[in-house]
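As you go down the protein sequences, you meet chains A and B in turn.
To convert, note that position 166 of the first sequence is 166 in our numbering; the numbers rise steadily by one, no gaps.
To convert, note that position 631 of the second sequence is 631 in our numbering; the numbers rise steadily by one, no gaps.
Every residue gets a Cβ at the ideal spot worked out from N, C-alpha and C, and that includes glycine.
Computed from a predicted model, the values in this text were never measured in an experiment.
In what follows, a structure is listed as structure tokens, so that the remarks can point back to it.
There are 2 protein chains.
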Amino acid sequence: MSPREDVATEPLPSTDGYRQPDVDVPALSALLDGKYADVRRLARDNLVAHADLLTDAETLDWTAYRERVKDVVLALAQTGQTGFGFAEAYGGGGDIGASVAAFETLAFGDLSVMVKVGVQFGLFGGAIAQLGTKRHHDAYLRDIASGALLGCFAMTETGHGSNVQALQTIARYDPATEEFVITTPDDAARKDYIGNAALHAELAVVFAQLEVAGEQHGVHAFVVPLRRDGEVLPGVRIGDCGAKIGLNGVDNGRIWFDNVRVPRAALLNQFADVSAEGIYSSPIENPNRRFFTMLGTLVQGRVSVGGAGINASKVALTVAVRYADRRRQFSIDDSAQEQLLLDYGQHQRRLLPLLAHTYALHFAQEVLTEQLHAVFSAPPDNPADEHTRRELESRAAGTKALGTWHASRTIQECREACGGAGYLSANRFAALRADTDVFTTFEGDNHVLLQLVAKGLLTDYAGAFEDLDQLEMVRMVTGMAVETILEKTAVHTLFERIRDALPGGDQWDSEAGLLDSRYHQAMLRFREEHQLSGVARRLKSATGSGLSSGEAFSRVQPHVMALAHSHVERLVLDAFVDKYRALPDGDLKATIGLLCDLHALSVIEADRGWFIEHGRLSVARSKAITRQVDDLCRKVRPIAVDLVDAFGVPREMLRAEELLG
Amino acid sequence: MSPREDVATEPLPSTDGYRQPDVDVPALSALLDGKYADVRRLARDNLVAHADLLTDAETLDWTAYRERVKDVVLALAQTGQTGFGFAEAYGGGGDIGASVAAFETLAFGDLSVMVKVGVQFGLFGGAIAQLGTKRHHDAYLRDIASGALLGCFAMTETGHGSNVQALQTIARYDPATEEFVITTPDDAARKDYIGNAALHAELAVVFAQLEVAGEQHGVHAFVVPLRRDGEVLPGVRIGDCGAKIGLNGVDNGRIWFDNVRVPRAALLNQFADVSAEGIYSSPIENPNRRFFTMLGTLVQGRVSVGGAGINASKVALTVAVRYADRRRQFSIDDSAQEQLLLDYGQHQRRLLPLLAHTYALHFAQEVLTEQLHAVFSAPPDNPADEHTRRELESRAAGTKALGTWHASRTIQECREACGGAGYLSANRFAALRADTDVFTTFEGDNHVLLQLVAKGLLTDYAGAFEDLDQLEMVRMVTGMAVETILEKTAVHTLFERIRDALPGGDQWDSEAGLLDSRYHQAMLRFREEHQLSGVARRLKSATGSGLSSGEAFSRVQPHVMALAHSHVERLVLDAFVDKYRALPDGDLKATIGLLCDLHALSVIEADRGWFIEHGRLSVARSKAITRQVDDLCRKVRPIAVDLVDAFGVPREMLRAEELLG
């Protein structure tokens with residue numbers, strides 16, 4: 001329920017001096033599309049070219065739908081849209097940022113196509129590129145980029161999804177034949193939910209516990225053939241995952257390996273190798289660090305899924321906002337004319353903060369993509385340092401979690417806001433809801449990802465204290481040993497800097513203007529820092545309480561999750577504010593400013609209980625924020641259609657002929 | 001995000017003196033099943049008998065699935081399960097309460113079957129029974145109850161769903177032939193989303209604007225034949241709504257009427273009639289009151305959908321809680337054994353308050369069903385009075401809204417809590433999510449229903465003041481003229497009574513025990529009353545502000561919605577507390593008490609910002625409530641599996657072989 005205050009006598013918020021900005025839709029679209037406008041245009045054109053897939057998806061049977069999706073994926077590959085991430089030497093575009101932009105734009109269309117693209121070119125191709133070396137690149141990358149060689153990414157098992165380190169598939173080195181022997185010891189260790197596995201993959205990148213001469217070396221990746229000319233190879237057994245909530249154009253499968261032998265060169269040996277004689281070696285000594293470094297190279301998948309969620313939200317909002325600007329129901333006074341849905345205060349409250357959040361997440365995703373591009377485009381002689389990589393991984397995890405939850409929430413609200421019509425598949429929400437649902441789970445379960453974010457914050461925090469007890473606690477939180485590469489971060493100085501920037505000194509929280517973006521940032525930074533030190537103190541207290549570490553962690557965990565959530569919300573706001581501040585004065589800036597205020601204040605409003613509890617929000621100010629959110633909704637309402645049009649979702653992707661006229 | 005407080009040094013909540021109750025699962029099941037245990041047993045047995053439909057629904061094509069669903073509905077009719085609502089004279093069971101119990105139990109199974117049952121026996125049969133007279137009953141009810149005559153309920157039009165009074169279909173009386181002429185003036189007036197229409201209905205109850213001798217008499221219902229021997233009749237055109245998000249076993253259709261003539265007797269004339277000469281008459285003079293009285297007789301549909309949502313939630317929780325009690329992921333300490341999901345604090349926070357809310361809503365639904373039964377079973381010479389009927393309608397609207405939103409939220413959370421496995425159709429969430437999604441929209445859009453609830457509260461409130469200005473405002477809120485049957489209600493005295501019952505006098509809110517159910521009730525009553533008077537004051541202020549009535553209403557609307565939400569949450573809590581108090585001391589009472597506390601405190605926690613803002617919750621107490629909710633989750637955790645088992649969802653309805661073992 002929306003929070004409401006109920007002093008009926010306060011004056012209505014003043015709109016003195018407010019001038020509604022003129023929205024130049026093409027200019028706003030250009031701002032959203034950013035430096036990859038050309039890439040996004042190519043992706044949009046490709047979507048339109050295959051627009052009939054949206055209707056075919058409803059009528060084709062399962063088998064035909066899967067084949068159709070494969071054909072579209074291969075057609076996309078021919079246009080170059082799916083190859084931006086590969087080196088030019090292998091027929092790719094050599095531009096990581098462009099590959100994310102191209103991928104996330106696919107979220108406007110059939111999401112089975114998008115996910116199959118992600119599996120083939122992102123997960124499978126990305127693993128070969130990042131974990132393999134030149135021999136693998138030369139052998140496979142050109143055919144992967146062209147779609148001539150289809151593959152899958154066989155990491156998750158039935159028994160272990162989130163806890164990748166505990167996978168049970170075994171790869172035992174046999175020095176006699178210089179081969180690895182891949183084995184699935186039991187059904188819990190079968191590879192599960194693997195996209196492309198049920199039908200189309202010829203090759204798999206298989207993650208397995210490497211065992212050399214009786215010694216365990218942890219999870220490593222291997223190239224394992226699954227099929228030749230469509231026939232499953234001996235020793236490999238493949239099952240079909242069957243019907244799913246959505247994404248039924250993707251052939252998810254299960255794989256069992258019965259002593260499948262692959263040559264020594266099948267090990268993707270960027271970070272570790274086994275010699276012919278069976279000597280294991282790695283440039284990274286610490287096995288944990290090695291594992292997380294390997295996984296870290298696969299971060300693009302998370303960046304991509306987060307972006308996909310954000311873009312799927314744009315489709316839903318475009319339909320719901322345009323419908324609400326046409327649909328009338330109930331006349332309020334005695335006039336015969338019924339009122340437009342979007343003129344109802346409650347309807348504005350339902351849709352417009354979600355619209356503002358979508359803009360915020362879009363620009364946060366842009367910053368994330370830039371960081372990804374910078375890290376993965378760094379010259380080999382000057383690679384990104386470990387801290388920068390960790391920061392990227394944390395931001396990717398957090399943005400993926402918030403972006404995909406936002407998608408679930410937004411699509412659902414938009415469906416309901418279109419009533420019974422929204423329930424018809426022709427009106428687009430059926431596929432959007434069903435297909436995006438798993439985004440909160442795959443590429444890292446959102447809850448696990450937020451723990452990863454918190455782990456990073458606590459590691460830095462403990463490092464700042466250089467306190468071994470704290471470090472112990474952090475170990476407990478993260479459920480895995482923590483790297484000793486700890487360093488002071490800027491977290492503790494952030495808040496002081498903001499306080500200095502705002503009027504009022506220690507009274508900044510009560511004297512700053514409600515529409516001052518420095519105030520919004522200071523509030524979210526205060527919350528994050530307060531929760532960070534609070535979690536650390538709780539951990540200390542819990543370790544001394546005599547509880548088992550399992551129970552102690554269980555008690556602190558919800559606080560850990562809240563901290564991570566606050567951190568990511570702060571990153572999102574900072575990205576949005578930075579974008580706003582960098583714009584030249586004018587109507588475009590005023591438009592972004594409105595959305596930024598609406599985003600920030602509705603985030604604060606949603607957690608106003610916490611801010612009041614922690615002395616940073618007075619009751620009067622809290623009520624004033626609710627009034628401001630109402631007022632901002634009214635200001636956004638007249639430009640709402642322009643704001644969704646600027647997303648540039650092609651008309652053909654919206655369908656909804658009856659809703660949109 | 002869950003709210004967290006962060007003073008790490010407070011003592012952990014004491015569990016001194018707490019003894020975990022032993023749960024007698026059959027006894028708890030008996031408490032849940034209540035007086036209709038036999039009816040529910042019949043319904044469960046029928047579900048098990050047709051359990052293979054759950055898997056067939058995935059493999060059958062559209063056409064075959066619809067026929068299969070129809071066959072199951074007809075088979076159910078043969079067992080008597082679908083006929084409890086009809087009089088014994090027509091082969092029914094003559095027990096309204098039993099018909100709701102039988103219906104809502106169907107929510108454990110395939111929901112297309114449930115909805116088709118609802119359309120045929122509830123909406124279509126119910127309209128004939130409630131709006132028709134003996135001639136209609138004699139002509140149709142026996143065949144409707146047996147399933148020999150299938151029909152549909154043609155109310156909603158493309159252009160008007162929520163605003164039923166504005167329907168555009170016309171029924172013009174032609175005295176020359178003593179017939180009504182039914183016409184669809186344009187596409188916006190076509191009947192839309194009508195269950196049973198696309199394929200199976202032979203007859204429709206059609207809602208249309210009655211016009212007699214050029215005079216409009218508002219919406220009335222007519223029996224109109226659609227098909228004979230499966231062939232659509234002349235003048236009738238029927239389209240198929242096509243694929244939907246879910247419920248694809250139900251044949252929803254669109255209907256156009258081109259001057260279709262039906263005899264004068266086709267008017268369902270319980271509340272109005274037209275003589276052969278064309279004289280309109282009604283025992284209810286006020287047209288508005290007549291309309292709402294007619295609609296009010298159809299309230300059972302809302303009661304049924306709310307119950308269905310609550311029961312669908314039980315299926316999802318049963319799967320997710322049992323899975324979380326088996327599935328291990330990550331080891332917290334250095335032991336090899338990974339930790340059960342349900343031992344994680346965050347996982348408890350995700351699932352266990354939803355479990356408590358489900359119990360609360362179950363018992364609130366029981367109270368509602370009793371009221372429904374009492375009103376509709378009252379002897380003709382001593383019918384329920386108007387106030388009682390209004391109260392029933394309001395409670396039905398509110399419970400439907402909260403129960404169906406709860407279903408959407410719970411099923412989604414449970415799906416995510418089962419990870420990737422939850423995404424597979426075999427694990428039940430696919431159908432649950434897709435099929436229940438429209439519950440928030442059909443049988444009254446939830447937002448519109450909450451406005452109906454608020455309308456009732458404001459009408460009573462204005463009546464208490466006997467202030468014409470207030471009445472004007474209420475007219476504006478409700479968007480329709482308000483009945484003048486106003487009366488003082490108990491609302492204003494409720495709060496005083498509670499305050500007297502609690503220790504502490506005016507300090508009750510700070511001195512009562514956190515686990516005192518009188519405290520919980522007093523908090524929710526305080527909120528409701530405060531919001532009620534606040535909305536009234538806002539309306540007064542808005543009318544004097546110079547805003548148009550549309551804009552004024554738009555501004556007040558979110559407060560109106562919050563008020564209605566608070567009112568219904570109060571009713572739900574009261575029902576749960578009453579159930580608890582009536583139990584004899586013992587483990588069963590202790591079990592219900594735990595759930596009641598968890599439900600109440602997590603409702604208060606979720607709106608703690610409001611309570612702090614309005615001076616009824618101190619910061620310290622707010623933090624203590626969060627700790628109590630955590631503590632209650634830990635206490636519920638060991639008995640959680642028993643609590644879901646007591647729902648009595650047949651094992652065959654859960655599927656999920658791999659999740660549940």
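Contact under 7 Å by Cβ, residue i with residue j
| i | j | result |
| --- | --- | --- |
| Arg290/A | Ser282/A | yes |
| Ala127/A | Val48/A | no |
| Ala176/B | Gly253/B | no |
| Ala154/B | Ile182/B | no |
| Arg570/B | Leu524/B | yes |
| Asn46/B | Leu74/B | no |
| Arg663/B | Val556/B | A question about residue 663/B goes unanswered here, because the residues of chain B that appear run from 1 up to 661. |
| Ala407/B | Leu449/B | no |
| Gly403/A | Ile310/A | yes |
| Val305/B | Lys455/B | no |
| Ala656/B | Asn382/B | no |
| Ser394/A | Asp333/B | no |
| Val250/A | Lys116/A | yes |
Exposure of residue i, with buried meaning 16 or more beta-carbon neighbours within 10 Å
| i | result |
| --- | --- |
| Thr156/A | buried |
| Thr63/A | exposed |
| Arg326/B | exposed |
| Ile238/A | buried |
| Arg41/B | exposed |
| His387/B | exposed |
| Gly544/A | exposed |
| Lys244/B | buried |
| Thr441/A | buried |
| Val260/A | buried |
Which of helix, strand or coil DSSP assigns to residue i
| i | result |
| --- | --- |
| Ser510/A | helix |
| Glu443/A | coil |
| Gly403/B | helix |
| Phe271/A | coil |
| Asp630/B | helix |
| Thr79/A | helix |
| Phe647/A | coil |
| Arg227/B | strand |
Proximal chain C residues relative to residue i, where beta-carbon distance stays under 8 Å
| i | result |
| --- | --- |
| Val438/B | Absent from the structure: chain C. Protein chains present are A and B. |
In DSSP terms, what residue i is bridged to
| i | result |
| --- | --- |
| Leu340/B | Arg328/B |
| Asp174/A | Glu179/A |
| Ile238/A | Ile255/A |
| Phe84/B | DSSP lists no partner for Phe84/B. |
| His160/A | Answer is none; His160/A lacks a bridge partner. |
request  = Give a yes or no on contact between the stretch 628-639 of chain A and the stretch 133-141 of chain B, applying the rule of three or more CB pairs nearer than 8 Å.
outcome  = no
ask   = Taking three-plus beta-carbon pairs below 8 Å as touching, is the stretch 294-313 of chain B in contact with the stretch 99-109 of chain B?
value = yes
query = Are at least three pairs of beta-carbons, each pair with one atom in the stretch 406-423 of chain A and one in the stretch 436-450 of chain B, less than 8 Å apart?
reply = yes
message = Counting beta carbon pairs with one atom in the stretch 156-173 of chain B and one in the stretch 206-225 of chain B, are three or more of them shorter than 8 Å?
response = yes
message = Does the contact criterion of 3 or more C-beta pairs under 8 Å hold for the stretch 583-592 of chain A versus the stretch 586-597 of chain B?
response = no
task = Answer yes if the stretch 208-223 of chain B comes into contact with the stretch 264-284 of chain B, meaning at least three C-beta pairs across the two stretches below 8 Å, and no otherwise.
result = By the Cβ rule, the stretch 264-284 of chain B counts as touching the stretch 208-223 of chain B, because three or more pairs are nearer than 8 Å.
message = Taking contact to mean 3 or more Cβ pairs, one atom from each stretch, closer than 8 Å, check whether the stretch 94-105 of chain B and the stretch 368-382 of chain B are in contact.
response = yes
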